[in-house]
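Novice: Have a look at the structure that comes next, please.
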Amino acid sequence: ELGDALAAWNTVDNASLAAAAATYGAVGGWVVTAVTNFDSLLMDMSSFNEDMSGWATGGITDMTRMLRNAASFNQPVPFDTGSVTTMSFMFREAAAFNQPLSLTTSSVTNMNSMLRNAIVFNQILAFDVGSVTDMSEMLDGTALSDCNKALTHASLSASTAWPHDWSSLACWTPADRAELMAALVAWDANATAAAATYDHPEHWVVTAVTDFWTLLSGLASFNQAPAWDPSSVPSLLLPVPPADSAAPPPPS
54 ELGDALAAWN TVDNASLAAA AATYGAVGGW VVTAVTNFDS LLMDMSSFNE
104 DMSGWATGGI TDMTRMLRNA ASFNQPVPFD TGSVTTMSFM FREAAAFNQP
154 LSLTTSSVTN MNSMLRNAIV FNQILAFDVG SVTDMSEMLD GTALSDCNKA
204 LTHASLSAST AWPHDWSSLA CWTPADRAEL MAALVAWDAN ATAAAATYDH
254 PEHWVVTAVT DFWTLLSGLA SFNQAPAWDP SSVPSLLLPV PPADSAAPPP
304 PS
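Note that the sequence shown covers residues 54 to 305 in the numbering used here.
Structural data, given as structure tokens:
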């Protein structure tokens, strides 16, 4: 019954979507507590892209292939996964999916090919993998940047099932203030393009830079909150002092 209702929503035709809404209501409002198995639930539903964040999923034990080849799906999935034991192939070939994944995985034993060939996926994974015995091909074919690989490796590599050695990778590390400033200017001009080169400012390793004075001054579009050394932050936004005057010391 749940599968039939989802199939009715697997369309881009407005009239069909209206009919599905009239028959079943909005997907996010459905009560799915009678269902315990999501195996292949949305597999191959190439047009489905509805919000399911309202679902109560605490009783689900199996999410194998749940969104495999759901080619258009790119919605948040804040599911309660505390009872799930397998997530193998869950997002495999979900070609549009690129959402943060904050899932409870303490009971999961199988993540084989979980995100394989999710070709635009570029998020950090920080799962509890203490019970996982199979992570083979889990992230093969994704778009993870070197920075996200490094951060994911730091989170998951303690597991003997972790298949990658990404220990040599790191997030972007400017050599000096000038290099950091160039990256900030690039972010100010076009954050999307800059992200491809520098990743997110939150993860930059700025330990080589000792002078943050007026660093963000004049960056009209920059709207990030870098998690840098807070001892330098008070001086980030102060205006540039006049050319004929000495810069005052940063406030304490």
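Ideal Cβ placement from N, Cα and C applies to all residues, glycine included.
(1) Using the Cβ count rule (16 or more neighbours within 10 Å means buried), how would you classify Q163?
(2) Assuming L10 and F144 form a contact by the criterion Cβ under 8 Å, report the distance between their Cβ atoms to the nearest whole angstrom.
(3) Could you name the residues that DSSP lists as bridge partners for N90?
(4) Considering only residues of the same chain and omitting the five flanking positions on each side of P216, which have a CB-CB separation below 8 Å?
(5) Grab the span of the alpha helix (DSSP H) containing C200 for me, first residue to last.
(6) What residue range does the alpha helix (DSSP H) around G56 cover?
(7) Report the rounded CA-to-CA distance for L156 versus G107, giving the unit in angstroms.
(8) A165: buried (16+ other C-beta within 10 angstroms of its C-beta) or exposed?
(9) So, with DSSP's three-state summary, where would you put D241?
(10) CB-CB under 6 Å to S100, same chain, minus the five flanking residues each way: which ones, in chain order?
(11) Which value, in whole angstroms, describes the spacing of the CA atoms of C224 and F275?
(12) To the nearest angstrom, report how far apart A248 and S159 are at their CA atoms.
(13) Thinking C-alpha only, which one of A236, A231, N243, T267 is nearest W257?
(14) For P304, which three-state DSSP category applies?
(15) Quick one: residues in its chain with C-beta nearer than 8 Å to the C-beta of V238, no 5 flanking neighbours on either side, listed in chain order?
(16) In the DSSP assignment, the alpha helix (DSSP H) including S69 goes from what residue to what residue?
(17) Ignore the nearest five residues each way along the sequence and tell me which others in D320's own chain have a CB closer than 8 Å to its CB.
(18) How close, in whole Å, do the beta carbons of L154 and Q176 come, if the pair is a contact with beta carbons under 8 Å?
Specialist: A quick look at the data gives this:
(1) Within the sequence shown, residue 163 is the residue found at index 110, counting from 1. Note on identity: in this sequence residue 163 is Asn, with Gln being the wrong assignment. Per the 10 Å Cβ criterion, buried.
(2) In the structure displayed, the chain extends from 54 to 305; residue 10 sits before or after that span and is not available.
(3) Taking the first residue of the sequence shown as position 1, residue 90 is located at position 37. Its beta-bridge partners are D115.
(4) One-based indexing of the sequence shown puts residue 216 at position 163. Within the same chain, P216 has close Cβ partners M188, S189, E190, M191.
(5) Residue numbering aside, residue 200 sits at position 147 when the sequence shown is read from its first letter. C200 -> alpha helix (DSSP H) spans 199 to 209.
(6) On the sequence shown, position 3 is the one that residue 56 refers to. It spans 55 to 62 - the alpha helix (DSSP H) in which G56 sits, taken as one unbroken run.
(7) Start at 1 with the first residue of the sequence shown, and residue 156 comes out as number 103. Start at 1 with the first residue of the sequence shown, and residue 107 comes out as number 54. Roughly 15 Å separates the two Cα atoms.
(8) Counted from its first residue, the sequence shown places residue 165 at position 112. Checking the sequence shown, residue 165 turns out to be Asn, not Ala. Burial call: buried.
(9) To locate residue 241, count along the sequence shown from 1; it is residue 188. Helix.
(10) Translated into positions along the sequence shown, residue 100 becomes position 47. Within the same chain, S100 has close Cβ partners N63, T64, V65, S125.
(11) By one-based count along the sequence shown, residue 224 stands at place 171. By one-based count along the sequence shown, residue 275 stands at place 222. One C-alpha to the other measures close to 20 Å.
(12) Numbered from its first residue, the sequence shown carries residue 248 at position 195. Numbered from its first residue, the sequence shown carries residue 159 at position 106. Roughly 32 Å separates the two Cα atoms.
(13) On the sequence shown, residue 257 is found 204 positions in, with the first residue counted as 1. Per the Cα distances, A236.
(14) Taking the sequence shown and counting its residues from 1, the one referred to as residue 304 is at position 251. Caution is warranted here: a pLDDT of 45 is assigned to P304, below 50, making its placement in the model unreliable, and the coordinate value is therefore given only provisionally. Reduced to three states, the DSSP call for P304 is coil.
(15) In the sequence shown, residue 238 corresponds to position 185, counting from 1. So the list reads L272, once near-sequence residues are dropped.
(16) As a first step, residue 69 must be located in the sequence shown, where it is residue number 16. Here the alpha helix (DSSP H) through S69 covers 67 to 77.
(17) The requested residue 320 does not occur in the structure, where the chain is confined to residues 54 to 305.
(18) For the purposes of this step, residue 154 is taken as residue 101 along the sequence shown, with counting starting at 1. For the purposes of this step, residue 176 is taken as residue 123 along the sequence shown, with counting starting at 1. Right, the Cβ-Cβ distance comes to about 6 Å (below 8 Å), so this counts as a contact.
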